[in-house]
Amino acid sequence: MWLINYFRMGQRHIQIVMLFFAGFIAYGIRAVMSVGIVAMTSENPPDDSIPTYPEWEGEGQILSSFFWGYIILQVVAGQIAEKYGPKKFLAGALTLASLLNCFIPLTAAKFGKTGVIINRAAQGLCQGFLYPSTHYILSKWTPLKERSRIAGFVYFGGQFGTAVSMVITGAISDTKLGWPYVFYLYGIFGFVWAAFYTWLGCNSPAEHKSISFEERKYIEQTTEITNVEENKMPTPWKDIFTSLPFWAVIISHFGNNWGFWTLLTEMPSFMSKVLNYDISKEGNLSALPYFFFTLLAIIISPLSDAIISRNILSLQKTRKLFNSFGFLGPALFLTILCFVSTENKTIHVVLLILAVSTNSGMLAGFNVNHIDISPKFSGTLMGITNTFANVGSIIGPLVVDIIVTDKTDESLWRIIFLLSAGIYIFATVFFLIFGSGEIQSWNFPKVNNKRSTPAVSPHPSTSNMPA
Numbered sequence: 122m123w124l125i126n127y128f129r130m131g132q133r134h135i136q137i138v139m140l141f142f143a144g145f146i147a148y149g150i151r152a153v154m155s156v157g158i159v160a161m162t163s164e165n166p167p168d169d170s171i172p173t174y175p176e177w178e179g180e181g182q183i184l185s186s187f188f189w190g191y192i193i194l195q196v197v198a199g200q201i202a203e204k205y206g207p208k209k210f211l212a213g214a215l216t217l218a219s220l221l222n223c224f225i226p227l228t229a230a231k232f233g234k235t236g237v238i239i240n241r242a243a244q245g246l247c248q249g250f251l252y253p254s255t256h257y258i259l260s261k262w263t264p265l266k267e268r269s270r271i272a273g274f275v276y277f278g279g280q281f282g283t284a285v286s287m288v289i290t291g292a293i294s295d296t297k298l299g300w301p302y303v304f305y306l307y308g309i310f311g312f313v314w315a316a317f318y319t320w321l322g323c324n325s326p327a328e329h330k331s332i333s334f335e336e337r338k339y340i341e342q343t344t345e346i347t348n349v350e351e352n353k354m355p356t357p358w359k360d361i362f363t364s365l366p367f368w369a370v371i372i373s374h375f376g377n378n379w380g381f382w383t384l385l386t387e388m389p390s391f392m393s394k395v396l397n398y399d400i401s402k403e404g405n406l407s408a409l410p411y412f413f414f415t416l417l418a419i420i421i422s423p424l425s426d427a428i429i430s431r432n433i434l435s436l437q438k439t440r441k442l443f444n445s446f447g448f449l450g451p452a453l454f455l456t457i458l459c460f461v462s463t464e465n466k467t468i469h470v471v472l473l474i475l476a477v478s479t480n481s482g483m484l485a486g487f488n489v490n491h492i493d494i495s496p497k498f499s500g501t502l503m504g505i506t507n508t509f510a511n512v513g514s515i516i517g518p519l520v521v522d523i524i525v526t527d528k529t530d531e532s533l534w535r536i537i538f539l540l541s542a543g544i545y546i547f548a549t550v551f552f553l554i555f556g557s558g559e560i561q562s563w564n565f566p567k568v569n570n571k572r573s574t575p576a577v578s579p580h581p582s583t584s585n586m587p588a
């Protein structure tokens, strides 16, 4: 561990970096199909030896199939994380998803479109452990004063992974190696990550064997950890599902996923069919919005923490401010996009970049709000909201298939963009009215006829620590 000491990194930073790369690779595996499907169905591959399937129809089924499996284990994964610890499940799940990714070319050749759909659904099933496990680990390892920037860093790993995946997919698909090698590459990435995480990962500071006393105290004094009682606590299902602040997170998560995944899965097709970009340019252009998302997220997350720690705004107002920015920005630019002629390609690309990049505000909004309102059950909460949210991820691409019957018709795409903008606006209003930054009473459920009490104040003062 000399390298860790050399860079004066705390053990929490190691966990955060590992989670960043988990998201980077997991989202890369998800996003590779968005650009890859264009190469897979091309009539003119860069080399005759590269298999393609131009006869495939209903691409939205392939693009949404990942989420058919993804939603199944969300709540269960959150419960498993809270009861048994997420480390081994997270490592195992991403390993299996990576293995399945390597088999995409084979399933396409042997079983066609149906085989790819089943494979992608199985990958989604594996990745169902990603967010609930990550959220649970964050609830254990992130001090309150660092919560926004740490969660922001971890979760924009996914967006950065999306951007890199699109660039790599576009570049490799346009060579003699062809699209199959992109799937092999991301499978290898997953195997390497799992090996390192098995070595370095840890569920909580309490379980870490080499964390310093000072760092553990610094983390635990603001994370509401009561390890002795935690395993005895029943999940307060009724209180959770009758909580309006929690429903504000659900609605926000659903709205975000509808817009985000509709753009992610369909933007390459829009750029190819309507804006007439070829595959070599398409990968890079499709990735640009997610690179800018990452750059803006680097600013937003620490800015949010600074606003909270300096008492400029309350935690609740800060969450609502950044969530509104993250939703109204995309709504505005998608609406403007509908009134710009497709002859103005550059303006279209700029508006798509702005629509995606401003969505980064949600990283300091609803995305971390699970931990704000219930640190103890944050894994379960993320599992629940992600289940609802990924209904939107499934429906979005399917709605595109239903409405955009001719993918060269820009008027049909306008309906999709306006629909997404409307969903963003509704989610914004709901979160503004019902969202909260306070720890909810059901975070401390009754145990043996007594209501458990927090180990520390909900919003204790925090001290600086060099590591």
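With this note's numbering as the guide, the letters of the sequence shown map in order to residues 122 to 588. Idealized CB from N, CA, C, for every residue including glycine.
Residue environment for ALA198: buried (at least 16 other C-beta atoms within 10 angstroms of its C-beta).
With distances taken between CA atoms, THR319 lies nearest to LYS209 out of LYS209, GLU176, ILE544 and LEU434. Remark: fewer than three beta-carbon pairs, one from each stretch, lie closer than 8 Å, so the region 498-513 and the region 417-425 are not flagged as touching. The Cβ atoms of PRO172 and THR296 do not sit closer than 8 Å to each other. Secondary structure at LYS297: coil, using DSSP grouped into helix, strand and coil.
Within 10 angstroms of the beta-carbon of TYR252 lie 16 or more other beta-carbons, which makes it buried. By the neighbour-count criterion, in which a residue is buried when 16 or more other Cβ atoms sit within 10 angstroms of its Cβ, SER170 is exposed. Judged by their CB atoms, ILE225 and PHE310 are not nearer to each other than the 8 Å cut-off. DSSP, reduced to helix, strand and coil, places LYS497 outside both helices and strands of the structure shown, so it counts as coil. The DSSP-derived three-state label of MET287 is helix. Taking a C-beta distance under 8 Å as the contact criterion, PHE552 and ILE372 qualify as a contact pair.
With distances taken between CA atoms, ALA202 lies nearest to MET503 out of ALA452, MET503 and PRO301. Here DSSP, grouped into helix, strand and coil, assigns TRP189 to helix. Between SER478 and the set MET139, TRP563, HIS256 and TYR411, the nearest pair of CA atoms involves TYR411. Taking C-beta atoms under 8 Å as the contact rule, ARG440 and GLY486 qualify, at a distance of about 5 Å.
Just so you know, the alpha carbons of LEU227 and GLY299 end up roughly 14 Å apart. Residues LEU472 of the same chain have their beta carbon placed closer than 7 Å to that of ILE457, with the five preceding and five following residues left out of the count.
Taking one beta carbon from each stretch, the region 133-140 and the region 267-276 have 3 or more pairs nearer than 8 Å; the two touch. Taking ILE516 as reference, the option from LEU540, GLU531, SER495 and SER499 with the minimal CA-CA separation is LEU540. Around the beta carbon of ILE523, fewer than 16 other beta carbons lie within 10 angstroms, which makes this residue exposed. Residues THR479 and GLY482 of the same chain have their beta carbon placed closer than 7 Å to that of PHE446, with the five preceding and five following residues left out of the count.
Of the residues assessed, ASN465 falls on the exposed side of the cut-off, its CB having fewer than 16 other CB atoms within 10 angstroms. With fewer than 16 other beta carbons inside 10 angstroms of its own, LEU365 counts as exposed. Boundaries of the alpha helix (DSSP H) harbouring CYS247: 225-248, taken from the DSSP string. Contact between GLY144 and GLY279 is confirmed by a C-beta separation of about 4 Å, below the 8 Å threshold. Approximately 13 Å separates the beta-carbon atoms of LEU220 and ILE146; this is outside 8 Å, ruling out the contact.
Annotation: the continuous alpha helix (DSSP H) that includes GLN195 extends over 195-205. For SER294, the closest C-alpha among the options ASN405, THR383, PHE187 and THR501 is that of ASN405. Spatial neighbours of ILE468 in its own chain (CB-CB distance under 7 Å, excluding positions within 5 residues in sequence) are listed in chain order as VAL461.
Taking the CA atoms as reference points, GLU341 sits about 10 Å from SER325. Around the C-beta of ASP527, fewer than 16 other C-beta atoms lie within 10 Å, and the residue is accordingly described as exposed. Our two residues, SER557 and GLY206, have alpha carbons roughly 27 Å apart in a direct line. Rounded to the nearest whole angstrom, the CA to CA distance from SER435 to VAL550 is 19 Å. In the displayed model, TYR398 falls within coil according to three-state DSSP, outside both helix and strand.
Distance from VAL395 to THR529 at the Cβ level is roughly 6 Å; contact confirmed, criterion being Cβ atoms closer than 8 Å. The beta carbon of SER260 sits closer than 6 Å to those of ILE492, PRO496 and SER499, all from its chain and outside the five residues before and after it, given in chain order.
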